[in-house]
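Residue numbers for the sequence shown follow my numbering, beginning at 234 and rising by one.
We treat Cβ as the ideally placed atom computed from N, Cα and C, and that holds for glycine.
This report refers to the structure that appears directly beneath it.
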Amino acid sequence: MAQVTVSVSDRSYTLACASGEEARLKELADYVDSKVAYLKEKLGHLSEGRALLMAAIMITDELQDVKAGHGDTMPLSTGLSEETVAGLMNDVAAELETIAAE
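This is the structure we're talking about:
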């Protein structure tokens, strides 16, 4: 497993991924960061937890539109292995729990 450090909302996170998937993971983190930045620009100051949650909801909405055939893009693939995606989901869940506890 490789490790990559990504930045979302001016905070660094070190995540594990399969070797060779580092660049893709950085691209995905950049996309999440762009959603968080958009929300903060439009809504003003948001707590980190709320901004991450709202970004996750926006991205999930986009994904649901694509799955339902209502999106304006082709179905997407993350390019990451299922193991890496599962690990990332666990990392995000743990981070949201930490933020919620603060």
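Exposed or buried, what is residue i when buried is set at 16 or more other beta-carbons lying within 10 Å of its beta-carbon?
i	result
Leu321	buried
Pro308	At Pro308, the pLDDT of 49 sits below 50, so the modelled position is not reliable; the number obtained from the coordinates is stated separately. That one is exposed.
Glu260	exposed
Leu276	exposed
Glu285	One detail in the question is off: residue 285 reads as Leu in this sequence, not Glu. The residue is buried, with at least 16 neighbouring Cβ atoms inside 10 Å.
Glu254	buried
Thr317	buried
Leu272	buried
Leu258	buried
Rank the options by C-alpha distance to the C-alpha of residue i and give the top, closest one.
i	options	result
Ala270	Ser252, Cys250, Asp243	Asp243
Asn323	Gln297, Leu258, Leu248	Leu248
Glu328	Glu274, Arg283, Leu279, His278	Arg283
Ser245	Val325, Glu330, Ala333	Val325
Bridge partners of residue i, per DSSP?
i	result
Leu226	The structure shown does not extend to residue 226, since the chain is modelled only from 234 through 335, so no value can be given for it.
Just to confirm before moving on: does the CB-CB distance between residue i and residue j stay below 8 angstroms?
i	j	result
Val239	Cys250	no
Val265	Ala301	no
Lys268	Met234	no
Ala256	Val241	no
Ile332	Glu274	no
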